[in-house]
Amino acid sequence: MRYLAIYLSVFGLSISTIAEARPVSYPEGWTLNIRNDVNQNSALAHYTLDTNHALGARLRYDREGDFTFVGAQLNRLVKRWNKPDSQANIYGRVAIGKVVDDTSGPLKRDDDEAFFLGVSADWETRRYFISAEAQHWENGRFGEFSSFHARLGIAPYVANTGALHTWFMIEGHNRPESRDKLATSAILRFFKGPSLLEVGVDDQGEPLLNYVHSF
Amino acid sequence: MKLLKMKLVKSLMIAVLMTATPATVFAKDKKMSGPEVIEIADVSIGLNGLVCDFCSLALNKTFKKQDEVRGTHVDLDTKTLSVALVTGETLANDDILKLVKKAGYTVTSISHKDGTNAYTAPNKS
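Sequence lines, in order, name chains A and B.
The first sequence: position 103 = 107 (the working numbering), numbered continuously.
The second sequence: position 8 = 12 (the working numbering), numbered continuously.
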């Protein structure tokens, strides 16, 4: 399972026709969201059911725990504020599925049920970006953990439709149950049309590679 | 062995779902796009909440699903959605308001090329 998660995460970067900056897209739209960082290799493909809900399949390999989550995820746009020069959102997420051990040998653990809850908020203009997110995972016999993320971004220039949008971002993470509880990442975001690519590195030198494609 | 086969089948199903589906299901958009739509637009719609290309995509896709629509273009600088219609077709303000709301945005104004039915959103302040 671990290899499938890594395969999908890497493979998604190599083909532009496949594709979570936007947990809910437009009705009937598909989105592929791939995230690779110090904690995970994760792929989420979701279909937006209506203006406020998206349903998808989630595959997430936990690098520290060496297990993989496979399940279904529902994202909900709780509230959006559209202003002349800005937009703000609150999103909720829930996923249910099972976790599979990626270790081998006599200590290999049986599969177990798992669920995930998340809430996030963001505010952005064409120049500035602020977001915060809290997540909680219940992974049965594989344990539970929470994580918290906050991100600040600034665009060095303001680009119009279809042009390359570039962002400098800083993200702080806190995962209380982790070996490295606190980390900070420097991220470059490139955004053009339906594709968004993020490359970064955290203060431990671990790379970050995220990709989102909206269809 | 049976367990291994089940895992293999499951993994393949997920791989197919997450890779092949988008490539085979989504046909390329054949309607007009780009700044040239502004020149021939029948309707210009002022919008709130336009901050990125994902906003543009949502509005373009939502409007292009309408049979009356020949092409669309979103200009982030002017915060305007330009809509070109099929000859002889019209798009009522109520329908425009519903489509913009469906895409997740709000309308500030609507102007039609023929000068009729101009709309300005009520000031909430």
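We treat Cβ as the ideally placed atom computed from N, Cα and C, and that holds for glycine.
As the structure is a prediction and not an experimental result, all values here were calculated from the model.
Three-state secondary structure assigned by DSSP to residue i
i        : result
A:Phe219 : coil
A:Thr35  : strand
A:Thr129 : coil
A:Gly144 : helix
B:Asn52  : strand
B:Asp57  : helix
B:Glu43  : helix
B:Ile106 : Note that residue 106 of chain B is Lys in the sequence shown here, rather than Ile. Here B:Lys106 sits in helix by DSSP.
A:Asn43  : coil
B:Thr84  : strand
A:Leu59  : strand
B:Thr66  : helix
B:Leu95  : coil
B:Leu101 : helix
B:Val90  : coil
B:Lys34  : coil
Chain B contact for residue i (CB, 8 Å cutoff)
i        : result
A:Gly33  : yes
A:Asn4   : With chain A covering 5 to 219 only, the question about residue 4 of chain A has no answer from this structure.
A:Tyr30  : yes
A:Arg80  : no
A:Arg26  : yes
A:Glu128 : yes
A:Ser218 : yes
A:His140 : no
A:His50  : no
A:His177 : no
Closer than 8 Å to chain A by CB, residue i
i        : result
B:Tyr109 : yes
B:Ala62  : yes
B:Lys106 : yes
B:Val41  : no
B:Asn52  : yes
B:Val78  : yes
Whole-angstrom C-beta distance between residue j and residue i, which should lie under 8 Å
i        : j        : result
A:His50  : A:Thr35  : 5 Å
B:Leu61  : A:Pro198 : 6 Å
A:Tyr65  : A:Gln44  : 6 Å
B:Val78  : A:Thr165 : 5 Å
B:Ala125 : B:His116 : At roughly 16 Å, the Cβ-Cβ gap does not stay under 8 Å, so B:Ala125 and B:His116 are not in contact.
Residues that residue i contacts on chain B, provided the C-beta gap is smaller than 7 Å
i       : result
A:Phe84 : In the sequence as displayed, the identity of residue 84 of chain A is Arg instead of Phe. Near A:Arg84 (Cβ distances below 7 Å), the residues of chain B are Gly108.
A:Gln91 : Gly53, Val55
Chain-ordered neighbours of residue i on chain B, where CB pairs are closer than 8 Å
i        : result
A:Gly197 : Asp57, Leu61
A:Lys87  : Asn52, Gly53
A:Thr55  : Lys105, Lys106, Ala107, Gly108
Under 7 Å by beta carbon: chain A residues contacting residue i
i       : result
B:Ser65 : Note that residue 65 of chain B is Lys in the sequence shown here, rather than Ser. Those are Tyr30, Gly33, listed as they occur along chain A.
B:Asp81 : Asn164
Best match in the options for proximity to residue i [C-alpha to C-alpha]
i        : options                                : result
B:Thr82  : B:Asp99, B:Gln70, B:Ser113, B:Leu101   : B:Ser113
B:Ile100 : B:Asp57, B:Asp118, B:Lys68, B:Leu80    : B:Lys68
B:Thr76  : B:Pro126, B:Asp98, B:Ser48, B:Thr91    : B:Ser48
A:Arg97  : A:Glu175, A:Pro88, A:Ala58             : A:Ala58
A:Phe133 : A:Thr55, A:Met173, A:Gly122            : A:Met173
A:Gly204 : A:His217, A:Glu181, A:Ala187           : A:Ala187
A:Lys87  : B:Thr120, B:Met36, B:Gly50             : B:Gly50
A:Ser1   : B:Leu63, B:Glu43, B:Met36              : No answer is possible for residue 1 of chain A: it lies beyond the span of chain A, which begins at 5 and ends at 219.
A:Leu213 : A:Ile38, A:Arg26, A:Asn93, A:Ser150    : A:Ile38
B:Lys106 : B:Leu85, B:Thr66, B:Tyr123             : B:Thr66
A:Ser150 : A:Arg26, A:Arg183, A:Glu128, A:Thr170  : A:Arg183
A:Arg62  : A:Asp70, A:Pro27, A:His177             : A:Pro27
A:Arg145 : A:Gly69, A:Ala47, A:Ser46, A:Leu48     : A:Gly69
A:Asn93  : A:Thr129, A:Pro211, A:Ala159           : A:Thr129
B:Gln70  : B:Tyr109, B:Leu80, B:Ala88             : B:Ala88
A:Trp85  : A:Pro211, A:Val104, A:Tyr95            : A:Tyr95
A:Asn178 : A:Gly101, A:Ala118, A:Thr107, A:Ala138 : A:Ala138
B:Gly38  : B:Leu54, B:Asn52, B:Arg74              : B:Arg74
A:Asp207 : A:Asp41, A:Glu181, A:Tyr30, A:Gly101   : A:Asp41
Within chain B, partners of residue i - CB distance below 9 Å
i        : result
A:His153 : Within 9 Å Cβ-Cβ: nothing; A:His153 doesn't reach chain B, min ~20 Å.
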